[in-house]
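Structure first, then comments.
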Amino acid sequence: MRRAIYPGSFDPVTNGHLDIIRRAASLADELIVAVVANPSKKCLFTLEERREMLAGCLEDLPNIKIVSFAGLLADFARQLDAQILVKGLRSAADFEYEAPMAHLNKSLNSGLETVFLLSSPALSFVSSSAVREIAALGGDISRMVPVSIAARLKDKFSL
Ligand code: COA
């Protein structure tokens, strides 16, 4: 069983994340999307809201599990018996940030191989913080997130 893990804050999930998830799911037997409880990041949505919003966007993919976790990713991957850590790269800046993380994770869990997928060019400018900011200011986010996520943001900001 080739099990991969794709971690992130997903505050909220964007079309950029979903593109990586769908492509990663086709490469693994099982893809675990792990929503991280990161105490150093102040999130707009709760951990459970982020998990449930992701689940709503991925109902059609049978080999995906969505879980939440707190703690070290390398340990969590070991617990799940995941051998592949998937990360998306939107730019060279993402690579600069992700390369040391990949080495650190490898040093903490030698059985975990980081695999990078390049973002689709049309989505390489999307980020959760941009989506949050544009939504808060009443801008158009329809090309950046699914309809269900845009609706949740609209509710959050009571527009
Ligand atoms: N499409 C759109 N946006 C993307 C994206 C994609 N394909 N890939 C990344 N992003 C964006 C996110 O939207 C987010 O945007 P924002 O900062 O504007 O809100 C940004 O990239 C960062 O993503 P995030 O999910 O918050 O990840 P992170 O880089 O902070 O790392 C973990 C998250 C879970 C991988 C990391 O915190 C972790 O491993 N935590 C566990 C603790 C641990 O093991 N630490 C040691 C690591 S060596």
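Using the numbering used here, the first residue of the sequence shown is number -17, and each one after it goes up by one.
Just so you know, even glycine gets a beta-carbon here, dropped at the ideal spot from N, CA and C.
From a predicted model like this one, the values you see are computed outputs, not experimental measurements.
query	result
Near the ligand COA: Arg213 beta-carbon under 7 Å from a heavy atom	The requested residue 213 does not occur in the structure, where the chain is confined to residues -17 to 141.
Distance CB(Leu105)-CB(Asp1) smaller than 8 Å	yes
Sheet register partners of Ala16 (DSSP bridge)	Pro(-11), Val49
Contact test: Thr(-4) Cβ vs the ligand COA heavy atom, cutoff 7 Å	yes
Nonlocal neighbours in the same chain, by C-beta distance under 8 Å from Ser130, ignoring five residues either side	Met35, Gly38, Cys39
Alpha carbon of Pro103 to alpha carbon of Ser140, nearest angstrom	32 Å
Met35 beta carbon near the ligand COA (any heavy atom closer than 7 Å)	no
Exposure of Ser110, with buried meaning 16 or more beta-carbon neighbours within 10 Å	buried
Segments assigned beta strand (DSSP E), at least 3 residues, entirely inside the stretch 27 to 104	46 to 51, 66 to 71, 95 to 100
Candidates Ala7, Ser92, Ser(-9): closest to Asn20 by CA position	Ser(-9)
Ala74 CB to nearest heavy atom of the ligand COA below 7 Å	no
Rounded separation between Leu142 and Phe58 - CA only	Residue coverage of the chain in this structure runs from -17 to 141, which leaves residue 142 outside it and unanswerable.
Of the listed residues Val97, Leu99, Leu100, Met126, nearest to Ala112 (C-alpha basis)	Met126
Nearest-angstrom Cα separation, counted from Lys47 out to Arg(-15)	11 Å
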